[in-house]
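Undergrad:
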Amino acid sequence: MRVSRMFYLYRRLYVQQLKAILEYNKDFYILMCSAALTQVLGFVFLWVIYDRIPDINGWQFWEVTFMYAMIFVTEGVGSLFFEGTWRMGRLVNMGELDRYLLRPVPVVLQVFCTGIGINGLGNLLIGGVIIWQSLVHGHIHWTLGKITITLLLLLTAVIIRVSINLAANSAAFWIKNAGNAFPLMVHNLADLAKYPLTLFPQAIRVFVSTVLPYAFISFYPATYIFGKSDWSGWWMLAPVAALGSAAAAYGIFRFGLSRYESTGN
Amino acid sequence: MSAIQIKKYRSIANRSLQNVLAYRTSYVIGFLANAVNLLAIYFLWHGIYSGRAEVGGYSWDQMKTYLLVTFLANSVLSWYSETSISGKILDGSVAVDLLKPIDFQTARFSETLGASLLEGGMSAILLILFASFLSGITLPHSLLVYVLFALSLLGAILVKFGVVYLAALLCFWSTGSMGIVWTRIAVTNLLSGALVPLAFFPDWLERLALYLPFQSIIHTPTMIFLQQTGTLESLKLIALQAFWGIALWIAGKGMWNWAVRQVTIHGG
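If you're matching them up, the sequences are chains S and P in order. Numbering-wise, the first sequence is residues 1 to 265 according to the numbering used here. Numbering-wise, the second sequence is residues 1001 to 1268 according to the numbering used here.
#1: I'd like to know whether the C-beta of A181(S) is nearer than 7 Å to at least one C-beta of chain P.
#2: With 7 Å set as the bound, which would you pick, yes or no: does the beta-carbon of L1044(P) sit closer than that to a beta-carbon of chain A?
#3: Can you give me the Cβ contacts of A1209(P) inside the same chain, cut-off strictly under 7 Å, excluding the 5 residues immediately before and after it?
#4: In three-state DSSP terms, what is Y1058(P)?
#5: Counting pairs of Cβ atoms below 8 Å between the region 79-87 of chain S and the region 114-127 of chain S, do you hit three or more?
#6: Could you list the residues in the region 1174-1187 of chain P with a C-beta less than 7 Å from some C-beta on chain S, going in chain order?
#7: Which residue spans inside the region 32-118 of chain S form an unbroken alpha helix (DSSP H) run of at least 4?
#8: For S4(S), is the beta carbon positioned less than 6 Å from some heavy atom of the ligand ZN?
#9: If you scan the region 1134-1182 of chain P from start to end, which runs of the alpha helix (DSSP H) of 4 or more residues do you find wholly inside it?
#10: Comparing alpha-carbon positions, which option in G1252(P), Q1241(P), Y1165(P) lies nearest I1217(P)?
#11: Give the DSSP-derived three-state secondary structure of L1210(P) in the structure shown.
#12: With a 10 Å radius around its C-beta and 16 neighbouring C-beta atoms as the bar for buried, classify S209(S) as buried or exposed.
#13: Look up N265(S) in the DSSP assignment and say whether it is helix, strand or coil.
#14: Mind listing the chain S neighbours of N1189(P)? Cutoff is C-beta to C-beta under 8 Å, in chain order.
#15: With a cut-off of 8 Å on the beta carbons, I'd call I71(S) and A193(S) a contact; round off their distance for me.
#16: Please tell me whether L37(S) and T1188(P) are closer than 7 Å, where the distance is taken between their beta carbons.
#17: Using a C-beta to C-beta distance shorter than 8 Å, which residues of chain P count as neighbours of Y195(S)?
#18: For a quick check, are the C-beta atoms of I130(S) and T65(S) less than 7 Å apart?
#19: For M94(S), count neighbouring Cβ atoms within 10 angstroms of its own Cβ and tell me buried if that reaches 16, exposed if not.
#20: Closer than 9 Å, Cβ to any Cβ of chain S: which residues of the region 1189-1223 of chain P, in chain order?
#21: Looking at C-alpha atoms only, which residue of Y1023(P), T1106(P), Y1049(P), G1057(P) is the closest neighbour of S1011(P)?
#22: Assign R1184(P) to one of three DSSP states: helix, strand, or coil.
#23: Decide if Q39(S) is buried, meaning its Cβ has at least 16 other Cβ atoms within 10 Å, or exposed.
#24: Rounded to whole angstroms, what's the CA-CA distance from T1229(P) to A1053(P)? Just pull it up for me.
#25: Straight-line CA distance for M1178(P) to L31(S)?
#26: Give the C-beta separation of S1152(P) and I1224(P) to the nearest angstrom, bearing in mind that I take them to be a contact with Cβ-Cβ under 8 Å.
#27: Identify, in the order they occur along the chain, each residue of the same chain with its Cβ nearer than 6 Å to the Cβ of Y214(S), setting aside the five sequence neighbours on each side.
#28: Is it true that the region 1001-1009 of chain P meets the region 1036-1045 of chain P, where meeting means three or more beta-carbon pairs spaced less than 8 Å apart?
#29: Does DSSP put I1217(P) in a helix, in a strand, or in coil?
#30: Quick one: which residues of the region 1126-1145 of chain P get their C-beta closer than 8 Å to a C-beta of chain S? List them in chain order.
#31: Does any residue of chain S bring its CB to less than 7 Å from the CB of G1030(P)?
#32: In its own chain, which residues sit with a C-beta less than 6 Å from the C-beta of G1056(P), not counting the 5 before and 5 after it?
#33: Does the distance from the C-beta atom of I225(S) to that of T150(S) stay below 7 Å?
#34: If you reduce the DSSP assignment to three classes, tell me which class H137(S) lands in.
#35: Residues of chain S with CB closer than 9 Å to the CB of V1055(P), please, in chain order.
#36: Once DSSP output is grouped into helix, strand and coil, what is the label at A1194(P)?
Now the structure itself:
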C-alpha cells in the first residue's frame, strides 16, 4: 500500500476518534492537566535536588531535564497519535479485533487509531517547553548540521518509543486477561532512561541500550547535543535502533496476530 | 458499632484480600513495575551522593533507609485499592451499594484495609530481602520505635484512604478516573515526601507541606523510623495523623452526601 494512502487512512481514522473524545470534554481537560502536572512535579524534584548540589556525576541540571523531558515528550506523542497500542489487551480479549481483520486497511494502522490519549497533549506541551529551555540554557553551539541531526534524533526517539509500546502491548496475544500489567512494567522501565546512564551498573546500561533501547530516546541524544565527548559517536546508532525496534515490534505484532483466535460466542 | 456490624465489614475486608490473591499475577507484575521505579531512584541518589557525605541533612545510609521506608509506606495502599473505588462509581455498580444496608465509606475502608494487609505484608517481605543485599541500612534498635512505626503506618493508611476516597468521589462528576488518579498521585508524592524528603524543600514549600494532610503518609513514618523525632514528638505526629484521618473521613462523608445526588447510572 502506498505511503500517501496510509497517511490518508490514518487521518480519516484519527479524526473519527477525535470527534468521539470531544464529547467528554471534562475528562479531556482533567487528563491534559494531570499529565502536565505529573511532569512539572518531576521537574520540581530535579530542581529541588540541584538546588543543593551543582552536578550529578558531571551532569548539569539542564542536561538531566532534557533527558527527563524526552521520555515524557515521546510518551506524549505515543498517547496522542498511537494510543490504540494501549487498548490491544481489550481488543484481543473482547474479540473486537475481528472487525479490523475484515477491513481492507492494515490492521496495525487501525490499532494505532483505536483511541486518542489526550493526556499526550499535556505531556507534549510541558515536555516541549522543558526541552526548549534545556536547549537554550545548555550552551550549545548550533550549526545547520547540528540542527538537522537533533531533529533526526527526535524523530528516531519517537519511533523507538512507539515501537516498544507496540511490542509490549502485543503481549496481549499471549497473556490472556492480565490487564495492562506487563506493558505497564515495560513502560516503567523507561524510568531508567530519565537519568544519565552513567549512574547505572553495566548490566542496566546494556539493557536500556539494546533489549529496550530507551537510552536512544534520551541519553544518547543528550550526549550528542550537549557535546559530551566521552560518549561521542554512540548517537549514530540511533537510526539503527529505531529501524531495528520498529521491525522487531511489527514482527512481534504480526506473529501475535497469526495466533489470534478471536473469542467464541 | 454492634458485633453484627463489625462482622459484616470484616467479611468485606476478607473478600477483598481474596480478590488480591486471585489476581496475584497482576499484583506481582505491578509490584515489579514499582520496583523498577525504586531501582531508578536508588541509582539516581547513589549518583547524587557520590563524593558527598550528606545532602540536605541526610547521610547516604539514612537516604537508603528513607527510600525503602517510603516504598513500603507507598505500597501498603496501592493501585488496587485506589481503582476499585472509582471503578465502582464509573461502572455504575455503586447503585447496588446504595441499596445495601451498609455504609459505603466504611465498606470501602474495610476493603482497602483487607487488601493493604496483604499488599503491605508482601512488600515488607520483599523489602527485607532487598535490604539484606544493601549495606548500611540504618535500622532502629529499640522495640518502642518499631511499635511507633507500625502505629504510624496504620495512621498513614487512614490518611491516604481519606485522600484517595475524596479523589475517587470526584468521579461522580467526571466520566473517567485516570486524570484524577494521576493528579492525586502526583500531588501526594510531592507533598508527602515520597519524591524527596520534605527537608530538601525550600522553606516556604516545606512549611506549606507540613500544614497539609499529605505529610502524614510518608513524612511521619520515615521520621519515626529514622529516629529523627523523640518518643514524645513521634506520639504527637501520630496524633496529628489521627486528626487528619478523622477530618478527611468527615469530609468524605460530606462529599458522599453531595455526590449521591449527582448519580447518573447508565444502562438498565
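Where a beta carbon is used, it is the ideal one built from N, C-alpha and C, also for glycine. If you're wondering where the values come from, they're calculated on a predicted model, not measured in any experiment.
TA: Inspection of the coordinates gives the following:
#1: Look at A181(S): its C-beta is under 7 Å from a C-beta on chain P.
#2: Going by chain labels, chain A is absent from the structure shown, which instead holds the protein chains S and P.
#3: Excluding residues up to 5 positions away in sequence, L1191, L1198, F1201, Q1215 lie with their Cβ nearer than 7 Å to the Cβ of A1209(P) in the same chain.
#4: DSSP places Y1058(P) in the strand class (E or B) of the three-state scheme.
#5: Counting Cβ pairs under 8 Å, three or more are found: they touch.
#6: Under the 7 Å Cβ criterion, the region 1174-1187 of chain P contributes S1174, T1175, G1176, M1178, G1179, I1180, W1182, T1183, A1186.
#7: Listed in chain order, the complete alpha helix (DSSP H) runs (minimum 4 residues) inside the region 32-118 of chain S are 61-82, 88-93, 97-102, 107-112.
#8: Because no ligand of any kind appears in the structure shown, any question about the ligand ZN cannot be addressed here.
#9: Listed in chain order, the complete alpha helix (DSSP H) runs (minimum 4 residues) inside the region 1134-1182 of chain P are 1143-1169.
#10: Per the Cα distances, Q1241(P).
#11: Three-state DSSP puts L1210(P) in a helix.
#12: Classification for S209(S): buried.
#13: Unreliable placement is indicated for N265(S), whose pLDDT of 47 sits below 50; no coordinate value is reported for it.
#14: Close to N1189(P), with beta-carbon spacing below 8 Å, are these residues of chain S in chain order: L41.
#15: Their Cβ separation, rounded to whole angstroms, is 6 Å, which keeps I71(S) and A193(S) in contact under 8 Å.
#16: No, the pair does not count as a contact, with Cβ atoms beyond the cut-off.
#17: For the C-beta of Y195(S), the chain P residues within less than 8 Å are, from N- to C-terminus, A1040, F1043, L1044, G1047.
#18: Yes, these two residues count as a Cβ contact at 7 Å.
#19: Exposed, because fewer than 16 other Cβ atoms sit within 10 Å of the Cβ of M94(S).
#20: Only those residues of the region 1189-1223 of chain P whose C-beta falls short of 9 Å from the nearest C-beta of chain S are listed: N1189, L1190, L1195, V1196, F1200, F1201, P1202, L1205.
#21: Of Y1023(P), T1106(P), Y1049(P), G1057(P), the residue nearest in Cα terms is T1106(P).
#22: Three-state result, R1184(P): helix.
#23: Counting the other CB atoms within 10 Å of its CB gives Q39(S) a total of 16 or more, which places it among the buried residues.
#24: Between T1229(P) and A1053(P), the C-alpha separation is close to 22 Å.
#25: Distance between the alpha carbons of M1178(P) and L31(S): 7 Å.
#26: For S1152(P) against I1224(P), the beta-carbon gap comes to about 5 Å, under 8 Å, which counts as contact.
#27: Excluding sequence positions up to five before and after Y214(S), its CB lies within less than 6 Å of the CB of A190, A193, V208, all in the same chain and listed in chain order.
#28: Contact between the region 1001-1009 of chain P and the region 1036-1045 of chain P is absent, with fewer than three C-beta pairs closer than 8 Å.
#29: If DSSP states are grouped into helix, strand and coil, I1217(P) belongs with coil.
#30: When CB distances to chain S are screened at a threshold of 8 Å, not a single residue of the region 1126-1145 of chain P falls below it.
#31: By this cut-off, G1030(P) is an interface position.
#32: If we look at G1056(P) and ignore the five residues flanking it on each side, its Cβ neighbours are A1199, F1200.
#33: Contact: yes.
#34: Reduced to three states, the DSSP call for H137(S) is helix.
#35: For V1055(P), the chain S residues whose C-beta falls within less than 9 Å of its own C-beta are I49, R52, I53, listed in chain order.
#36: Coil at A1194(P), not helix or strand.
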